[in-house]
Amino acid sequence: MKTITVCSLSALMLLPLVAGCGKKHASENEGVQEVSVALPTVDSVVLRQEYPATLIAASMTDIVARVNGTIQKQLYTDGQTVAAGQPLFLIESTTYRDQVNQAQGALETALAENEYASKQYAAMKKALEADAVSKMDVIQAESNLRSSEAAIKTARAQLETARTNLGYCTVRAPFAGKVASSPYVVGSYIGGEGAPVTLTKIYDDRTIFADFSVTTGRYMEIMRARKEGKLDFDHVPVTFGDSISGAYEGRLTYEAPDVSTSTGTVMLRLTIDNTGGQLREGMYATVSLPYASRPKALLIKDAAISTDQLGKYVYLVNDSDKVVYTPIQIGDIYHDTLRIVDSGLTPSDRYVTTALLKVRDGMTVKPLLSR
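Numbering-wise, the working numbering comes out as the position in the sequence shown, counting from 1, plus 165.
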């Protein structure tokens, strides 16, 4: 016959209680909120700000007609790249050729009259020595000589003007570049003598400028960083959306000497090598300009930061897995999703990245560390 001791009986009576305690502990764990947490990142960062910019060809000018006449020929195709000095238009030149011939004839006459006046003056001086003429005759001969010399200068100036006007009948490219279409066709009459008439435009876009404006405060930061040599302003990224393929960079080459009184901004300029030939005058671009560097910046996800009446804060999870409300001071955004934290956190702090609306200060949670 088996007997049960008092000790054994006591142990059996405790089994349900132990089992009950285990179930209660398990149920408490099941009710704990799981939250994702992460550690701040410490990194050396270059802070940038994006600015809308407008592209301008390095050289652009109007091609004008400066004489009167009909257009006889257009010597380029619309959009063609031409060399410096290449003829672009021929304007009727008959009138101006006649003026050159007339001016040439007037000069020849003036030269002949000057030669005669010079010989006459020399003869008069000899005759005066022999008392054959009066001194008044010599003075008159000298006056005639001076008048003939002045007539030569006038005739030469008129000939130069006539030749210049004749040269304007051939309209040439002032520099190498792409020539736009013209609103005038062959046979159109141009009255360029009264006021120059714009026939077309020419663009030298082998080099492109990107002009944009920054606030005066940001300008001072940029100039300070540039002076210290901490940032690279010779390889500033420039993007154009999906319309332009390839990567472009610009060099910061110009700062306006004044501040716009209407906007309170300073105009800056990047110079871009248009090596692919894709960039055009008037296009829009986005400049990603550096303005400061932080060698040991503390970075957290910007989405993890909340705001209340006291300012910015995050939820931390301490060593006891309890949520701690923590005010912070923040800096600039970095790479669109990260935020620099100036104070309030350390690199070892675990901050809550998700379920921000479900947690509260002092709450016990189950942290899941993520990157």
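Don't be surprised by glycine CBs; every beta carbon is placed ideally from N, CA and C.
Helix, strand or coil, according to DSSP, for residue i in the structure here?
i      : result
Lys189 : Confidence at Lys189 is low in this model, with a pLDDT of 45, below 50, so its placement is unreliable and the value that follows should be read with caution. Residue state, collapsed to three classes: helix.
Leu521 : helix
Val298 : coil
Glu414 : strand
Arg321 : helix
Gln305 : helix
Arg389 : helix
Gln198 : strand
Thr426 : coil
Gly352 : coil
Arg337 : strand
Glu358 : coil
Asp399 : coil
Leu510 : coil
Thr242 : coil
Asp486 : coil
Ala421 : coil
Asp263 : helix
Given a cut-off of 9 Å, decide if residue j and residue i are closer than it, judged by their beta-carbon atoms.
i      : j      : result
Ala203 : Ile493 : no
Val211 : Leu503 : no
Pro433 : Glu420 : Checking the sequence, you will find Leu at residue 433 rather than Pro. In contact: Leu433 and Glu420 (Cβ atoms closer than 9 Å).
Phe405 : Ala450 : yes
Asp302 : Ala287 : no
Ser453 : Val403 : yes
Ser353 : Gly244 : no
Ile437 : Arg416 : yes
Leu331 : Leu272 : no
Asn279 : Glu358 : no
Thr518 : Ala457 : no
Leu220 : Phe374 : yes
Leu463 : Val506 : yes
Val431 : Thr381 : yes
Asn439 : Thr372 : yes
Ala610 : Ser201 : Because the chain here runs from 166 to 536, residue 610 falls outside it and cannot be looked at.
Ala341 : Ala282 : no
Could you round the C-beta distance between residue i and residue j to whole angstroms and report it? I think they count as a contact, below 8 Å.
i      : j      : result
Arg337 : Pro252 : 6 Å
Lys366 : Asp227 : 6 Å
Ala327 : Tyr368 : About 33 Å separates the two Cβ atoms, so there is no contact after all.
Val362 : Ile355 : 5 Å
Ala316 : Ala275 : 4 Å
Leu481 : Arg515 : 6 Å
Leu444 : Asp370 : 6 Å
Ala222 : Leu364 : About 18 Å separates the two Cβ atoms, so there is no contact after all.
Met448 : Val488 : Not quite, the Cβ-Cβ distance comes to about 51 Å (not below 8 Å), so this is no contact.
Gln214 : Arg389 : With 8 Å as the limit, Gln214 and Arg389 do not qualify as a contact, their Cβ atoms being about 15 Å apart.
Name, in chain order, the residues that DSSP records as bridge partners for residue i.
i      : result
Ile256 : Ile236
Pro455 : Arg213
Arg504 : Ile465, Ile498
Phe377 : Leu433
Phe405 : Asp407
Ser365 : In the sequence as presented, Ser is not what sits at residue 365; that position holds Thr. DSSP lists Ile228 as partners of Thr365.
Arg445 : According to DSSP, which records beta bridges pairwise, Arg445 is partnered with nothing at all.
Pro492 : Tyr478
Ala203 : Tyr516
Ser471 : Tyr478
Pro532 : Val200
Val247 : Gly342
Asp208 : Ala462
Asp370 : Partner(s): none; Asp370 has no beta bridge.
Pro292 : In the sequence as displayed, the identity of residue 292 is Ala instead of Pro. None, per the DSSP bridge assignment.
Ala316 : Paired residues: none, contrary to the question.
When you compare only the Cα positions, how much space is there between residue i and residue j?
i      : j      : result
Gly187 : Gln198 : Note that Gly187 has pLDDT 47, beneath the 50 cutoff, so the model's placement of it is unreliable and the number below is only indicative. Roughly 20 Å separates the two Cα atoms.
Gly429 : Ile470 : 32 Å
Tyr490 : Lys523 : 13 Å
Glu193 : Tyr478 : The pLDDT assigned to Glu193 is 49, lower than 50, so where the model puts this residue is not dependable; a value taken from the coordinates is nonetheless given after this. If you take the alpha carbons of Glu193 and Tyr478, they lie about 29 Å apart.
Thr246 : Asp208 : 49 Å
Val183 : Asp526 : With a pLDDT of 42 at Val183, under the threshold of 50, the modelled position of that residue is not reliable, and no figure is offered here.
Tyr216 : Gly476 : 28 Å
Pro512 : Asn483 : 13 Å
Gln269 : Ala297 : 38 Å
Gly509 : Val530 : 21 Å
Thr259 : Ala360 : 20 Å
Thr329 : Ala320 : 14 Å
Asp497 : Val401 : 19 Å
Gly265 : Glu314 : Per the sequence shown, residue 265 should be read as Val rather than Gly. C-alpha separation (whole angstroms): 20 Å.
Leu255 : Pro422 : 42 Å
Ser408 : Leu435 : 20 Å
Gly442 : Gly250 : 22 Å
Gln237 : Cys334 : 10 Å
Glu257 : Asp263 : 12 Å
Thr418 : Thr206 : 35 Å
Ala306 : Lys290 : 9 Å
Asp486 : Ser427 : 55 Å
His500 : Ala412 : 18 Å
Using a beta-carbon distance below 9 Å, is residue i in contact with chain C?
i      : result
Ile437 : Judged by its chain identifiers, the structure shown contains no chain C, having just a single protein chain.
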